[in-house]
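Asker: So the sequences go chain by chain: D and H.
According to numbering that gives the first Met the number 0, the residues represented by the first sequence are 0 to 412, in order.
According to numbering that gives the first Met the number 0, the residues represented by the second sequence are 0 to 394, in order.
Take a look at the following structure, please.
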Amino acid sequence: MKFKLNFSIASIAAAALMSTSAMASDLIITFDDLNPDKKAAYDAAVEAFKKANPDINVTANNGDREAHKGSIRNALQNDSPDVITWYPGNRMGPFVDAGLFMDISDLWASDENLASNFNAIKPTMTRDGKQWGVPYSYYQWGVYYRKDIYDKLSLSEPKTWDELLSNCDVMKEAGVTPFTIGTKFLWTAAGVFDYLNLRTNGYDVHNDLTAGKIKYTDDRIRATFANWEVMLDRCSFVSTHATMSWQDAIAPFANGDAAMYVMGNFSVGQYKDAGLTDEQIDFFQFPEITAGLPRAEEAPADAFFIPAKAKNVENAKKFLSFIATAEVQSEWNKAIGQLPPNAEAEINTDDKFIVEGMETLSTAAGLAQFYDRDAPAAMAKEGMQGFQRFMLDPSTLDEVLENLDKVQAEVYK
Amino acid sequence: MTSNTTVLTDRFATATGRAIAAGVVLVLCVAALMFVSTDLVQELFGYSQNIKAREPTFFIRISLLIGAIAAAFFLITSLSYYKRNKVAIAPWMFLSIGLVFFMIYVIVPIFQSISYSFTRWNGLYDINGIWTGEWVGLHNYKLLLNDPNFYTSLWNNLLWLLLFMLAVPIGLFIALFLNQTVRGIRIYKSLFFFPFVISQVVVGLIFTWAYNPEFGLLSEIWSWFFCETKTNIMGNLTRVCSPEPPSILGDETMATYGIIAAGLWPQIAYCMILYLTGLNNISSDQIEAGRLDGAKGWKMLRHVVLPQLKPATFIAIVVTVIGALRSFDMIATMTQGGPYGSSNVLAYYMYDQAVGEGVGRYGYGSAIATVLFLIMLVYISYFLWRMYQDEMEAR
Numbered sequence: 000m001k002f003k004l005n006f007s008i009a010s011i012a013a014a015a016l017m018s019t020s021a022m023a024s025d026l027i028i029t030f031d032d033l034n035p036d037k038k039a040a041y042d043a044a045v046e047a048f049k050k051a052n053p054d055i056n057v058t059a060n061n062g063d064r065e066a067h068k069g070s071i072r073n074a075l076q077n078d079s080p081d082v083i084t085w086y087p088g089n090r091m092g093p094f095v096d097a098g099l100f101m102d103i104s105d106l107w108a109s110d111e112n113l114a115s116n117f118n119a120i121k122p123t124m125t126r127d128g129k130q131w132g133v134p135y136s137y138y139q140w141g142v143y144y145r146k147d148i149y150d151k152l153s154l155s156e157p158k159t160w161d162e163l164l165s166n167c168d169v170m171k172e173a174g175v176t177p178f179t180i181g182t183k184f185l186w187t188a189a190g191v192f193d194y195l196n197l198r199t200n201g202y203d204v205h206n207d208l209t210a211g212k213i214k215y216t217d218d219r220i221r222a223t224f225a226n227w228e229v230m231l232d233r234c235s236f237v238s239t240h241a242t243m244s245w246q247d248a249i250a251p252f253a254n255g256d257a258a259m260y261v262m263g264n265f266s267v268g269q270y271k272d273a274g275l276t277d278e279q280i281d282f283f284q285f286p287e288i289t290a291g292l293p294r295a296e297e298a299p300a301d302a303f304f305i306p307a308k309a310k311n312v313e314n315a316k317k318f319l320s321f322i323a324t325a326e327v328q329s330e331w332n333k334a335i336g337q338l339p340p341n342a343e344a345e346i347n348t349d350d351k352f353i354v355e356g357m358e359t360l361s362t363a364a365g366l367a368q369f370y371d372r373d374a375p376a377a378m379a380k381e382g383m384q385g386f387q388r389f390m391l392d393p394s395t396l397d398e399v400l401e402n403l404d405k406v407q408a409e410v411y412k
Numbered sequence: 000m001t002s003n004t005t006v007l008t009d010r011f012a013t014a015t016g017r018a019i020a021a022g023v024v025l026v027l028c029v030a031a032l033m034f035v036s037t038d039l040v041q042e043l044f045g046y047s048q049n050i051k052a053r054e055p056t057f058f059i060r061i062s063l064l065i066g067a068i069a070a071a072f073f074l075i076t077s078l079s080y081y082k083r084n085k086v087a088i089a090p091w092m093f094l095s096i097g098l099v100f101f102m103i104y105v106i107v108p109i110f111q112s113i114s115y116s117f118t119r120w121n122g123l124y125d126i127n128g129i130w131t132g133e134w135v136g137l138h139n140y141k142l143l144l145n146d147p148n149f150y151t152s153l154w155n156n157l158l159w160l161l162l163f164m165l166a167v168p169i170g171l172f173i174a175l176f177l178n179q180t181v182r183g184i185r186i187y188k189s190l191f192f193f194p195f196v197i198s199q200v201v202v203g204l205i206f207t208w209a210y211n212p213e214f215g216l217l218s219e220i221w222s223w224f225f226c227e228t229k230t231n232i233m234g235n236l237t238r239v240c241s242p243e244p245p246s247i248l249g250d251e252t253m254a255t256y257g258i259i260a261a262g263l264w265p266q267i268a269y270c271m272i273l274y275l276t277g278l279n280n281i282s283s284d285q286i287e288a289g290r291l292d293g294a295k296g297w298k299m300l301r302h303v304v305l306p307q308l309k310p311a312t313f314i315a316i317v318v319t320v321i322g323a324l325r326s327f328d329m330i331a332t333m334t335q336g337g338p339y340g341s342s343n344v345l346a347y348y349m350y351d352q353a354v355g356e357g358v359g360r361y362g363y364g365s366a367i368a369t370v371l372f373l374i375m376l377v378y379i380s381y382f383l384w385r386m387y388q389d390e391m392e393a394r
């Protein structure tokens, strides 16, 4: 015992000596977005952090988003960086449950900024009553539409389901396909499903469904699909959607062949790259279906986590505190055209989509992450394949729902 | 007499000395291998960051490993037992390195994967390196039997095997056609061989574009017959077709055939080159003799040429079967198994369930892999049996 005590005192002393003698300490960050604007914003934040902490040796890695989804497993188990990006909600579940992410509840409690300015998004970062990450950005979903087409047909933004459907009738009459979408990579269909479900049944049903508490053959979910069938019939989608990515689907939108797009705000830059101007495009919230239902919205967040095997935990926490500050969140999200989770952060008031998005989300009764982030990945994959199948052939509905029930029973065990 | 003994003892001494030296080096290398870590290398060479010590550590470990292997060989070759049984042991020493890696990277994973198929596991080890799965017995296999996606994939695998065989006769036909001495024939041959040189991923991309119902080659041709160009509401030109061009990769009934057609393109080239080399080696005497006996055209091909091409045919069939089972790349680039899993094959479905996009059903994926393995085992056993028979005949 005595020996042990001595040893620990010695090691503390040694550690103290080490930290004073070796001035520089390390911080390794792994990020997952190579899109030019996203990459630039990340690089800028890292540079600012370096400037503020000259004694920390920062190694900033960046990689492809889809590849990151696979490589993070290895990164967390063998070769941990000190900070890594991942998705909150249920997508962080497996890693939290396996103890691969570090519990940073202490940081959320001790850091004043985190404690007071992140209340809206805190539940998303929480699992088992503890906080596991710090979000740096989120964005609204909704319907992006061609304002010039709407004006030409003397239509106005629909507030209700019936208005949307009658708008669609007018568009089809004029030879315009109401909605564009590209379902090759499946998740876009989940955005449509989520909105129909949120508007038909509300936030709690969305959460219960993605948490496996409601079956897909439940009458409430069937009601959602019934609405979807009406939508497919009266507001048709572009016919070749199964072969298109979400970027491909912008082409008919930009050409004026299709007038609306259920999408996330990250897409605005791509519309502009396709030659559309701020005057030509606009945004409205997905219209009400069940009257009087509290309005919930999709607002997926991106976050930073500390792997449990991180070597430089103190520096990692410093970095998380840093990116949570109002200034950094303002700069970062202005650069990428998204919303800062920090309530004190400024938004870009010149960007009408950001202003409207802020308005949409701050008045929402609940924020959903997204079908494929709220549901476990194995369920989401089957679910989204089912959505795509239903969209291509609504008569397969029963088969689709029964299969999803089967998968659900297996996945949530 | 005395000189003779000294020579003997000398030789004995040097051999023992060498053995001991090799043994010491071996022990040192192995001990050092266990000892070397990135932290140590960082310390020794004064790297400011741990991450920078990784590369030198890797090289140090590799050189220690090579040193250990070399020392082990020295040690074995200086043993008197080895000297007495040289002929029996030497081949195994050459084989040993390959065998070890074959064990580590092929044999062991096969059994690991079979054992995972009896578990439910999301592919993760926890922070202490403890496996997080649970044993579920035959559960995954029961699920497989009820999984419509599994049957779709199995059926598609069969389609691939059957339709891919078309590459063999088509390749033969092109080879016969090209097997003539015309000016510039080499250019034609290389043009036909060209698709085999392109990577599968590129072939997949080219065909994906060609099939695209909006701007692809096929829809372009389609539009000559069925489409007219109109101005839409915004005054932009748009194409209106009736009927609409087929969306080959977006339709569950056509997607698999579309991918197989794309896969056939390079595979035909491969079979063609096999037959071309085979045709080069055909004995002209037999052709001559056949001609004297009045054989020509189909009869000549059937009874004189084809029997001589038998080895080429065997290889062509083997590589085509392998090609059909390797359809993974094409599916990954062209449809990712879609629409809604209708163009999956077992290999891609396995990847999709276990590794792809973090779905993480490793147990289920392993069960699919095991079924695929059993199916392939039939073919592999036949192939090995056939090789064995040939060997026996050769003796």
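Virtual Cβ for every residue (Gly too), placed ideally from N, Cα, C.
Output the boundary residues of the alpha helix (DSSP H) element that contains residue 57 of chain D.
Answerer: Element bounds for residue 57 of chain D: not the alpha helix (DSSP H) but the beta strand (DSSP E), 55-61.
Asker: I'd like to confirm the pairing. Which residues does DSSP put opposite residue 124 of chain H in its beta bridges?
Answerer: According to DSSP, which records beta bridges pairwise, residue 124 of chain H is partnered with H:130.
Asker: What number of angstroms, rounded off, separates the C-alpha of residue 376 of chain H from the C-alpha of residue 133 of chain H?
Answerer: If I take the Cα positions, the gap works out to 28 angstroms.
Asker: Report the start-end ranges of each beta strand (DSSP E) in the segment 158-197 of chain D that is 3 residues or longer and not cut off at the edges.
Answerer: For the segment 158-197 of chain D, whole beta strand (DSSP E) runs of length 3 or above, ordered along the chain, are 176-179.
Asker: Looking only at its own chain, which residues have a Cβ that is under 7 angstroms from the Cβ of residue 200 of chain H, when we skip the five neighbours before and after it?
Answerer: Hits under 7 angstroms: 328 and 332.
Asker: Exposed or buried, residue 91 of chain H, counting other C-beta atoms within 10 Å across all chains shown (16 or more means buried)?
Answerer: Residue 91 of chain H should be labelled exposed.
Asker: Using the three-state DSSP reduction, which class does residue 147 of chain H fall into: helix, strand or coil?
Answerer: Reduced to three states, the DSSP call for residue 147 of chain H is helix.
Asker: Does any C-beta atom of chain H lie closer than 7 angstroms to the C-beta of residue 16 of chain D?
Answerer: In this predicted model, residue 16 of chain D has a pLDDT of only 42, less than 50, meaning its place in the structure is not dependable; the value taken from the coordinates is given anyway. For residue 16 of chain D, the answer is no, since every Cβ of chain H falls outside 7 angstroms of its Cβ.
Asker: Per DSSP, what kind of secondary structure is residue 301 of chain H in: helix, strand or coil?
Answerer: Residue 301 of chain H falls in the helix class under three-state DSSP.
Asker: Provide the residue(s) that pair with residue 26 of chain D in DSSP beta bridges, ordered along the chain.
Answerer: Its beta-bridge partners are D:57.
Asker: Since residue 166 of chain D meets chain H, which of its residues come closer than 9 angstroms, beta carbon to beta carbon?
Answerer: Simply none; closest approach about 14 angstroms.
Asker: Could you confirm whether any beta carbon from chain H is found closer than 7 angstroms to the beta carbon of residue 58 of chain D?
Answerer: Yes - at least one Cβ of chain H is within 7 angstroms of the one on residue 58 of chain D.
Asker: How would you list, in chain order, the residues of chain D whose beta-carbon sits under 8 angstroms from the beta-carbon of residue 246 of chain H?
Answerer: Those are 238, 239, 241 and 242, listed as they occur along chain D.
Asker: Tell me whether the beta-carbon of residue 302 of chain D lies closer than 7 angstroms to the beta-carbon of residue 145 of chain D.
Answerer: Against a cut-off of 7 angstroms, the Cβ pair of residue 145 of chain D and residue 302 of chain D comes out as no contact.
Asker: So what does residue 297 of chain D bridge to, in DSSP terms?
Answerer: BP columns for residue 297 of chain D point to D:367.
Asker: Note the first and the last residue of the continuous beta strand (DSSP E) segment covering residue 219 of chain D.
Answerer: Unbroken run through residue 219 of chain D is the alpha helix (DSSP H), 218-233; no beta strand (DSSP E).
Asker: What residues match up with residue 130 of chain D in a beta bridge as DSSP calls it?
Answerer: Note: residue 130 of chain D sits in a beta bridge opposite D:125.
Asker: Answer yes or no: does any C-beta atom of chain D fall closer than 7 angstroms to that of residue 340 of chain H?
Answerer: Yes - at least one Cβ of chain D is within 7 angstroms of the one on residue 340 of chain H.
Asker: Can you tell me which residues form a DSSP beta bridge with residue 236 of chain H?
Answerer: According to DSSP, which records beta bridges pairwise, residue 236 of chain H is partnered with H:230.
Asker: What are the residues that DSSP puts in a beta bridge with residue 65 of chain H?
Answerer: Answer is none; residue 65 of chain H lacks a bridge partner.
Asker: Compute the beta-carbon to beta-carbon distance between residue 292 of chain D and residue 201 of chain D, rounded to the nearest angstrom, for a pair I have assumed lies under 8 angstroms.
Answerer: About 5 angstroms separates the two Cβ atoms, so the contact holds.
Asker: Closer than 7 angstroms by beta-carbon distance: list the chain D residues that pair up with residue 243 of chain H, in chain order.
Answerer: Near residue 243 of chain H (Cβ distances below 7 angstroms), the residues of chain D are 238.
Asker: Any residues in the segment 82-96 of chain D with a beta carbon nearer than 9 angstroms to a beta carbon of chain H? Which ones, in chain order?
Answerer: Within the segment 82-96 of chain D, the qualifying residues are 90, 93, 94 and 96.
Asker: How is residue 152 of chain D classed by DSSP in three states: helix, strand or coil?
Answerer: Coil.
Asker: Quick check on residue 19 of chain D - is its C-beta less than 7 angstroms from some C-beta in chain H?
Answerer: For residue 19 of chain D, the predicted structure reports a pLDDT of 40, less than 50, and the residue's modelled location is therefore unreliable. A value from the coordinates is still provided. No, residue 19 of chain D lies away from the interface with chain H (no Cβ there is under 7 angstroms from its Cβ).
Asker: Under the assumption that residue 384 of chain D contacts residue 185 of chain D (Cβ atoms under 8 angstroms), give the Cβ distance between them as a whole number of angstroms.
Answerer: Contact holds; Cβ gap of about 6 angstroms.
Asker: Check whether the Cβ of residue 328 of chain H lies closer than 7 angstroms to any Cβ atom in chain D.
Answerer: Chain D, which has no Cβ nearer than 7 angstroms to the Cβ of residue 328 of chain H, makes this no.
Asker: Which residues in the same chain have their Cβ closer than 7 angstroms to the Cβ of residue 340 of chain H, if we skip the five residues on either side of it in sequence?
Answerer: So the qualifying residues of the chain are 148 and 151.
Asker: Between residue 256 of chain D and chain H, is the shortest Cβ-Cβ distance under 7 angstroms, so that the two count as touching?
Answerer: Output row for residue 256 of chain D: interface = yes.
Asker: Determine the DSSP secondary structure at residue 348 of chain H, reduced to helix, strand or coil.
Answerer: The answer is helix: DSSP assigns residue 348 of chain H an H, G or I state.
Asker: Which of helix, strand or coil does DSSP assign to residue 244 of chain H?
Answerer: Looking at residue 244 of chain H - three-state DSSP - the assignment turns out to be coil, as it is neither helix nor strand.
Asker: For the segment 170-186 of chain D, which residues have a beta carbon sitting closer than 7 angstroms to at least one beta carbon of chain H?
Answerer: From the segment 170-186 of chain D, only 173, 174, 175 and 183 have a Cβ closer than 7 angstroms to chain H.
Asker: If residue 179 of chain D sits next to residue 252 of chain D, beta carbons under 8 angstroms apart, how far is it from one beta carbon to the other, in whole angstroms?
Answerer: Going by Cβ atoms, the distance from residue 179 of chain D to residue 252 of chain D rounds to 5 angstroms, so yes, they are a contact pair.
Asker: Please report the distance separating the alpha-carbon of residue 69 of chain D from that of residue 75 of chain D.
Answerer: Rounded to the nearest angstrom, the two C-alpha atoms are 11 angstroms apart.
Asker: Any chance you could list the alpha helix (DSSP H) runs of at least 4 consecutive residues sitting entirely within the segment 319-367 of chain D, in chain order?
Answerer: With a minimum length of 4 residues, the continuous alpha helix (DSSP H) runs that stay inside the segment 319-367 of chain D are 325-335 and 351-361.
Asker: Provide the residue span of the alpha helix (DSSP H) that contains residue 339 of chain H, from first to last.
Answerer: Neither: residue 339 of chain H is in no alpha helix (DSSP H) and is coded neither H nor E.
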